[in-house]
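Read the structure below first, then the notes.
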Amino acid sequence: MKATKILPLAVIGALAFGTLAPQAQNTAQKMAYVDVQAVVKAHPQFGALDTLNKQAEAALKPTRDSITTIQNKGQNATAAERQQYDQLVKTYQTNAKTWEDRINAQNKPILESVNAAVATAAKAQGVTMVLDKNIAATSQLVIYADPSLDLTSAVTAQIKK
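Mapping of the sequence shown onto mature numbering (1 follows the signal peptide of the UniProt record, and there is no 0): residues -24 to -1, 1 to 137, in sequence order.
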């Protein structure tokens, strides 16, 4: 008799507990990947950024070469050369920082545009997560990805609009 009274209470309790338990999400997540380097190189403003990078390299090279020459002398460098070395390093660091700031300022709108294009292309194709192809490959985060998941051409088309 007691068992017949407890059984319905147990069933009701189990049903009540089941409704309070978190429900698993059944929505499928669609992933894709983009070759961000290729998209950046295809960006309309990339030419100016590439030119700026080459200018920076050309401007910094003579100082870097002078530093290397003194470094190669090692212990045979004179006191004057060591002093010159210290000054060259400071000059190089200051100039490199100036160029880096200019490059970053020019690169920022390109990256923002690429990120916006990735988001637009992904949403248009129902993609909820996008990986950078090169980072995923080099970190071995992704071993294989079906080529149909590549959004690079869609993103490239988006940035050219």
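Backbone N, C-alpha and C define an ideal beta-carbon position, used for all residues, glycine too.
Note that this is a predicted model, so its numbers are computed, not measured.
Roughly how many whole angstroms lie between the Cα atoms of residue i and residue j?
i	j	result
Gln5	Val103	7 Å
Arg58	Val131	51 Å
Asn110	Leu87	16 Å
residue 138	Leu28	The structure shown does not extend to residue 138, since the chain spans only -24 to 137, so no value can be given for it.
Ala55	Lys73	27 Å
Pro20	Gln82	12 Å
Ala121	Val94	18 Å
Gln116	Ser129	23 Å
Considering only heavy atoms of the ligand MG, does any lie closer than 7 Å to the CB of residue i?
i	result
Ile79	The model on display carries no ligand, and the ligand MG is accordingly not part of it.
Taking the alpha-carbon of residue i as reference, which of the options has the nearest alpha-carbon?
i	options	result
Ile43	Asn71, Thr27, Tyr61	Tyr61
Val12	Ala113, Ile119, Lys137, Asp122	Ala113
Thr39	Lys17, Leu64, Pro20, His19	Leu64
Lys66	Ala133, Ile119, Gln101, Leu36	Leu36
Got a sec, what are the start and stop residues for the beta strand (DSSP E) residue i sits in?
i	result
Tyr9	7 to 10
Kindly list the residues whose CB is nearer than 6 Å to the CB of residue i, restricted to its own chain and excluding five residues on each side of it in sequence; keep chain order.
i	result
Met105	Met7
Just to confirm the assignment, what range does the alpha helix (DSSP H) spanning residue i have?
i	result
Asp41	22 to 49
residue 156	Residue 156 lies beyond the stretch modelled for the chain, which goes from -24 to 137, so this question has no answer here.
Excluding sequence positions up to five away, which residues of its chain have a Cβ less than 7 Å from the Cβ of residue i?
i	result
Val16	Phe22, Ile86, Val90
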